[in-house]
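Colleague: Going down the list, the sequences are from chains A and B. Here the first sequence is numbered in our numbering, starting from 41 and rising by one per residue. Here the second sequence is numbered in our numbering, starting from 33 and rising by one per residue. All residues carry an ideal CB built from backbone N, CA and C; glycine is no exception. I am attaching a structure below and will ask some questions about it afterwards.
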Amino acid sequence: MSLRVLAAMSGGVDSAVAAARAAEAGHDVTGVHLALSKNPQSYRTGARGCCTVEDSRDARRAADVIGIPFYVWDMAEEFDRDVVQDFVSEYAAGRTPNPCLRCNEKIKFEAVLDRAVALGFDAVCTGHHVRLADGRLRRSVDAAKDQSYVLGVLTREQIAHTVFPLGHSTKEEVRAEAERRGLAVADKPDSHDICFIADGDTAGFLNERLGSEPGPIKDESGEVLGTHNGAHTYTVGQRKGLNLGGAPERRYVLSIEPVANTVTVGPRESLQVDEIIGRRPVWSGCDPVTEPIACTVQLRAHGEVYTCRAWQRDDELVVRLEQPATGVAAGQAAVLYEGDTVLGSATITSTSRSAEAAAAF
Amino acid sequence: MVYLDHAATTSVRPEVIADMTEEFGRLGNASSLHGAGRRARRAVEESRESIGEALGAAPSEVVFTSGGTEADNLAVKGLYWARNQADPARRRILLSAVEHHAVLDPAHWMADRQGAVYEELPVDEIGRVHPETLRAAIERDPTDVALVSVMWANNEVGTVQPVAELAAIAREHGIPFHTDAVQAVGAEPVDFAASGATALTLTGHKIGGPVGAGALLLSRGVDPVPLLHGGGQEREVRSGTLMTPLLRGFATAVRLAAEERASHTARLAELRDELVATVRKAVPDITLNGHPVDRLPGNAHISFPGCEGDALLMLLDAGGIECSTGSACSAGVAQPSHVLLAMGASAETARSSLRFSLGHGSDRGDVAALGGAIGPAVERARAAWNKRR
Numbered sequence: 041m042s043l044r045v046l047a048a049m050s051g052g053v054d055s056a057v058a059a060a061r062a063a064e065a066g067h068d069v070t071g072v073h074l075a076l077s078k079n080p081q082s083y084r085t086g087a088r089g090c091c092t093v094e095d096s097r098d099a100r101r102a103a104d105v106i107g108i109p110f111y112v113w114d115m116a117e118e119f120d121r122d123v124v125q126d127f128v129s130e131y132a133a134g135r136t137p138n139p140c141l142r143c144n145e146k147i148k149f150e151a152v153l154d155r156a157v158a159l160g161f162d163a164v165c166t167g168h169h170v171r172l173a174d175g176r177l178r179r180s181v182d183a184a185k186d187q188s189y190v191l192g193v194l195t196r197e198q199i200a201h202t203v204f205p206l207g208h209s210t211k212e213e214v215r216a217e218a219e220r221r222g223l224a225v226a227d228k229p230d231s232h233d234i235c236f237i238a239d240g241d242t243a244g245f246l247n248e249r250l251g252s253e254p255g256p257i258k259d260e261s262g263e264v265l266g267t268h269n270g271a272h273t274y275t276v277g278q279r280k281g282l283n284l285g286g287a288p289e290r291r292y293v294l295s296i297e298p299v300a301n302t303v304t305v306g307p308r309e310s311l312q313v314d315e316i317i318g319r320r321p322v323w324s325g326c327d328p329v330t331e332p333i334a335c336t337v338q339l340r341a342h343g344e345v346y347t348c349r350a351w352q353r354d355d356e357l358v359v360r361l362e363q364p365a366t367g368v369a370a371g372q373a374a375v376l377y378e379g380d381t382v383l384g385s386a387t388i389t390s391t392s393r394s395a396e397a398a399a400a401f
Numbered sequence: 033m034v035y036l037d038h039a040a041t042t043s044v045r046p047e048v049i050a051d052m053t054e055e056f057g058r059l060g061n062a063s064s065l066h067g068a069g070r071r072a073r074r075a076v077e078e079s080r081e082s083i084g085e086a087l088g089a090a091p092s093e094v095v096f097t098s099g100g101t102e103a104d105n106l107a108v109k110g111l112y113w114a115r116n117q118a119d120p121a122r123r124r125i126l127l128s129a130v131e132h133h134a135v136l137d138p139a140h141w142m143a144d145r146q147g148a149v150y151e152e153l154p155v156d157e158i159g160r161v162h163p164e165t166l167r168a169a170i171e172r173d174p175t176d177v178a179l180v181s182v183m184w185a186n187n188e189v190g191t192v193q194p195v196a197e198l199a200a201i202a203r204e205h206g207i208p209f210h211t212d213a214v215q216a217v218g219a220e221p222v223d224f225a226a227s228g229a230t231a232l233t234l235t236g237h238k239i240g241g242p243v244g245a246g247a248l249l250l251s252r253g254v255d256p257v258p259l260l261h262g263g264g265q266e267r268e269v270r271s272g273t274l275m276t277p278l279l280r281g282f283a284t285a286v287r288l289a290a291e292e293r294a295s296h297t298a299r300l301a302e303l304r305d306e307l308v309a310t311v312r313k314a315v316p317d318i319t320l321n322g323h324p325v326d327r328l329p330g331n332a333h334i335s336f337p338g339c340e341g342d343a344l345l346m347l348l349d350a351g352g353i354e355c356s357t358g359s360a361c362s363a364g365v366a367q368p369s370h371v372l373l374a375m376g377a378s379a380e381t382a383r384s385s386l387r388f389s390l391g392h393g394s395d396r397g398d399v400a401a402l403g404g405a406i407g408p409a410v411e412r413a414r415a416a417w418n419k420r421r
């Protein structure tokens with residue numbers, strides 16, 4: 041079936057090959073580069089600003105080679121509101137957000153998808169490494185590149201309007217195909233960092249926006265062990281950068297309390313949790329589950345997968361792990377899987393350790 | 033394909049192609065002293081004479097450039113430097129708020145890097161600079177004005193400026209007056225001498241000539257500081273090997289544009305009015321921006337309330353209808369047009385506008401095709417706009 045497909049093209053190799061495959065599959069494809077920030081370096085501020093000029097050009101060039109129309113959509117306002125500001129306020133609340141996931145949820149598959157559908161498109165196509173099977177998300181065949189986790193937030197309705205042409209290929213195959221198709225982006229390095237923090241200095245970015253008030257580093261008993269330079273720059277599970285000096289044992293960040301500006305640290309075993317509560321559960325791979333079911337859960341991007349039982353209790357997701365996990369940060373997503381198929385997800389709000397888990401250690 | 037973007041560029045006229053093809057087959061650098069050089073020189077000088085004759089300029093007043101942007105830069109920067117060197121008190125650049133970026137940006141740059149003082153002349157709601165506005169700006173201190181630049185006709189909304197009146201005011205104070213006439217040549221009776229301007233920009237590709245050839249008409253005795261130094265080919269004001277084939281094509285295009293102007297513009301104005309009426313029939317709540325009558329004959333700049341011009345452009349493009357949002361940006365994101373904003377439009381109105389521009393080859397079939405496509409496109413674009421809010 042030929043669809044009218046809007047291909048989001050970042051200027052990278054994956055989205056270029058995805059668009060090419062969608063076009064080759066007979067879809068009527070239009071390429072769109074999402075401009076996510078007003079160009080801060082532009083000399084012509086106020087007169088005319090363009091953004092991420094090089095990526096935009098790479099995307100345009102790829103669209104030319106594929107032979108599809110290409111436009112730039114200005115999504116800077118939505119991106120700033122729903123991703124950047126959300127990122128900052130999540131840190132301010134002591135949580136550790138995943139902005140890529142938020143961008144998929146709010147920008148690519150909400151703002152862009154809504155606009156596309158209104159303009160007459162049937163679906164949005166991206167270069168995510170994920171498979172679609174009967175309207176459900178499945179992990180990519182390339183386990184190292186699998187992006188089902190950052191798409192786990194999508195609803196069934198959103199997934200119904202997606203085209204993911206890359207899930208059956210490895211990254212190597214995608215690069216080789218780009219080369220074969222004459223797409224100049226074939227050798228472009230993968231992006232890893234948070235796109236809106238160009239220099240990779242997340243702590244600096246947050247300090248600029250949230251200030252860097254020094255505060256105490258305490259242990260679980262409340263004893264002050266040292267001083268930090270802004271609680272929001274720490275992440276649960278972090279060990280480096282605490283500067284606690286000659287402590288006899290390794291200490292890890294257990295929790296962050298932004299209001300008290302306190303970082304609590306403790307031994308590794310204190311990081312172990314086996315119950316996870318999440319908000320806003322989404323069930324894309326099955327009907328909402330209200331009785332515990334056996335499944336697996338992933339708690340961070342490229343993180344370990346844990347055997348668990350999970351269910352929805354009122355408007356919360358409850359996940360009980362079979363074995364405790366360490367370093368589970370509020371703000372990250374808990375994505376549930378049945379085998380390699382996504383069942384649903386929720387944003388982690390709290391974690392705890394049952395008596396059994398504590399005893400078992 | 034329905035091409036309604038002649039203000040961006042035009043198809044090269046067959047007569048121009050024929051002349052350029054002939055010239056490309058010949059050898060010779062117009063600066064060489066031997067026979068081949070002399071032959072090329074003759075072609076260049078005949079082109080110069082032809083352009084001068086068509087536009088009311090002496091041949092020596094025609095300075096060839098690579099196009100409109102270079103001519104505008106030469107005028108703004110070159111005249112500023114020359115005037116400022118003669119008297120360092122002259123630092124003010126007065127220019128209309130609706131200038132093309134090829135004028136605005138050099139002026140901004142001069143202010144940022146060269147100590148110039150940049151002053152925009154406000155326009156009214158149809159985009160026109162009132163002579164009193166210029167007079168007041170100059171008379172605040174006539175001694176510190178380096179130059180004035182006001183375009184002949186606006187590239188976005190098509191408004192024609194009272195150039196002769198404005199130039200006369202500058203002249204009273206001995207201040208050089210530049211006008212960007214890129215959109216006006218072929219559409220308005222452009223006569224350099226009669227206009228009273230000191231410098232005038234034109235380019236070939238807007239009138240069926242080749243891209244890459246333009247000129248700055250420059251009064252005798254006015255010597256801007258060059259941007260390009262080298263062989264000094266053009267009055268020592270502009271260096272670079274003369275592009276003989278392009279200049280021949282350029283001259284042919286200017287000659288044809290001047291010869292055919294009356295009948296061409298009458299036809300375009302009629303077709304333009306039909307286009308506006310047709311669009312209005314499909315979408316009754318449109319607004320035609322710019323002057324209702326005193327505007328470029330091929331220009332229709334229309335606001336479609338409640339939708340984004342970008343979305344409309346995409347939908348029309350998908351249906352084979354090519355137009356513009358008016359403010360092209362090579363890397364992509366179009367900002368709300370500074371022209372519309374200067375005319376007092378809201379950012380929302382500025383974003384909801386499209387420019388349709390007619391030219392040679394435009395016909396009633398094009399207008400009918402647009403009439404058929406615009407209604408459904410606006411409906412969709414409005415739905416998308418509502419989603420965003």
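1. Beta-carbon of residue 105(B) versus every beta-carbon of chain A: anything under 9 Å?
2. Is it buried or exposed, residue 283(A), if we count other Cβ atoms within 10 angstroms and call 16 or more buried?
3. Apply the 10 Å Cβ neighbour rule to residue 55(B) and answer buried if 16 or more other Cβ atoms are within range, or exposed otherwise.
4. Show which residues of chain B have a CB atom less than 8 Å away from the CB atom of residue 155(A).
5. Return helix, strand or coil for residue 96(A), following the three-state DSSP convention.
6. Which same chain residues, not among the five before or five after residue 63(B), have their C-beta less than 8 Å away from its C-beta?
7. Tell me where the alpha helix (DSSP H) around residue 211(B) begins and ends.
8. Quick one: residues in its chain with C-beta nearer than 6 Å to the C-beta of residue 98(A), no 5 flanking neighbours on either side, listed in chain order?
9. Strictly by DSSP, which residues pair up with residue 348(A)?
10. Rounded to whole angstroms, what is the Cα-Cα separation between residue 118(B) and residue 255(B)?
11. For residue 148(A), count neighbouring C-beta atoms within 10 Å of its own C-beta (all shown protein chains included) and say buried if the count is 16 or more, exposed if not.
12. Cα-Cα, which of 115(A), 161(A), 169(A) and 327(A) is closest to residue 350(B)?
13. Would you report the Cα separation of residue 301(B) and residue 243(B), rounded to the nearest angstrom?
14. Do you know offhand how far residue 67(A)'s Cα is from residue 143(A)'s?
15. Distance check for residue 292(B) and residue 201(A), CA to CA, integer angstroms please.
16. Skipping 5 residues on each side, what residues in its chain have a beta carbon closer than 6 Å to that of residue 71(A)?
17. Output the boundary residues of the beta strand (DSSP E) element that contains residue 141(B).
18. Quick one: which chain A residues come within Cβ less than 8 Å of residue 350(B)?
19. Residue 43(A) CB to nearest chain B CB: under 9 Å?
20. List the DSSP bridge partners of residue 331(B).
21. Need the endpoints of the beta strand (DSSP E) that residue 152(B) sits in, please.
22. With DSSP run on the structure shown, which of helix, strand or coil describes residue 370(B)?
23. Answer with yes or no whether the minimum CB distance from residue 375(B) to chain A is below 9 Å.
24. Assuming residue 191(A) is part of the beta strand (DSSP E), what are its boundary residues?
25. Nearest by alpha-carbon distance to residue 306(A): which of 259(A), 123(A) and 357(A) is it?
26. Beta carbons nearer than 9 Å to chain B: which residues of the segment 145-172 of chain A have them?
27. From the DSSP output, in three-state form, read off residue 238(B) for me.
28. Is the CB-CB distance between residue 390(B) and residue 260(B) below 9 Å?
29. Between 138(B), 115(B) and 126(B), which lies nearest to residue 172(B) when the distance is taken from Cα to Cα?
30. Using CA coordinates, which residue listed in 153(A), 139(A) and 295(A) is at the minimum distance from residue 390(A)?
31. Could you check where the beta strand (DSSP E) with residue 321(A) kicks off and where it finishes?
32. CB-CB under 8 Å to residue 279(A), same chain, minus the five flanking residues each way: which ones, in chain order?
33. Residue 362(B) to residue 345(B), Cα distance in whole Å?
34. Would you give the residue range spanned by the alpha helix (DSSP H) that residue 119(A) belongs to?
35. Start and end of the alpha helix (DSSP H) containing residue 199(A)?
36. Identify the continuous beta strand (DSSP E) that holds residue 129(A) and give its terminal residues.
Modeller: According to the structure data:
1. Residue 105(B) is outside the set of residues whose beta carbon lies under 9 Å from a beta carbon in chain A.
2. By the neighbour-count criterion, in which a residue is buried when 16 or more other Cβ atoms sit within 10 angstroms of its Cβ, residue 283(A) is exposed.
3. Buried, because 16 or more other Cβ atoms sit within 10 Å of the Cβ of residue 55(B).
4. Those are 343, 416, 419 and 420, listed as they occur along chain B.
5. Here residue 96(A) sits in helix by DSSP.
6. 69, 73, 263, 265, 273 and 274, listed in sequence order.
7. Residue 211(B) -> not in any alpha helix (DSSP H); beta strand (DSSP E) instead, spanning 209-212.
8. Cβ-Cβ distances below 6 Å link residue 98(A) to 51 and 225 in the same chain, with the five nearest sequence neighbours on each side left out; the list follows chain order.
9. Per the DSSP secondary-structure output, residue 348(A) pairs in a beta bridge with 335(A) and 361(A).
10. Going from the Cα of residue 118(B) to the Cα of residue 255(B) covers about 11 Å.
11. Counting Cβ neighbours within 10 Å, residue 148(A) comes out buried, since at least 16 surround it.
12. Minimum Cα-Cα distance from residue 350(B) among the listed residues 115(A), 161(A), 169(A) and 327(A) corresponds to 161(A).
13. Spanning the two alpha carbons is a distance of roughly 25 Å.
14. Each residue's Cα considered, the two are about 25 Å apart.
15. Going by the C-alpha atoms only, they are around 54 Å apart.
16. For residue 71(A), where only same-chain residues beyond five positions count, the Cβ hits under 6 Å are 47, 49, 59, 103, 108 and 110.
17. Counting along the chain, residue 141(B) falls outside any beta strand (DSSP E), though it belongs to the alpha helix (DSSP H) covering 133-145.
18. Under the 8 Å cutoff, chain A gives 70 and 109.
19. For residue 43(A), the answer is no, since every Cβ of chain B falls outside 9 Å of its Cβ.
20. Beta-bridge pairing links residue 331(B) to 389(B).
21. Where residue 152(B) is concerned, the enclosing beta strand (DSSP E) stretches over 149-153.
22. Collapsing the DSSP output to three states places residue 370(B) in a helix.
23. No, residue 375(B) lies away from the interface with chain A (no Cβ there is under 9 Å from its Cβ).
24. Residue range 188-191 is occupied by the alpha helix (DSSP H) that includes residue 191(A), with no beta strand (DSSP E) assigned at that position.
25. It is 259(A).
26. Here the close residues are 151, 154, 155, 156, 157, 158, 159 and 160.
27. It is coil, neither helix nor strand.
28. With a cutoff of 9 Å on beta-carbon distance, residue 390(B) and residue 260(B) are scored as not near each other.
29. With distances taken between Cα atoms, residue 172(B) lies closest to 126(B).
30. Nearest option by C-alpha distance: 295(A).
31. Taken as a continuous stretch (DSSP letters only), the beta strand (DSSP E) holding residue 321(A) covers 313-323.
32. 290, 291, 292 and 293.
33. Confidence is the limiting factor: at residue 362(B) the pLDDT is only 46, short of 50, which leaves the residue's position unreliable, though a coordinate-based value still follows. Their backbone Cα atoms lie some 15 Å apart in a straight line.
34. Segment 116-119, the alpha helix (DSSP H) holding residue 119(A).
35. Where residue 199(A) is concerned, the enclosing alpha helix (DSSP H) stretches over 196-199.
36. From DSSP, residue 129(A) is part of no beta strand (DSSP E) but of the alpha helix (DSSP H) over 125-132.
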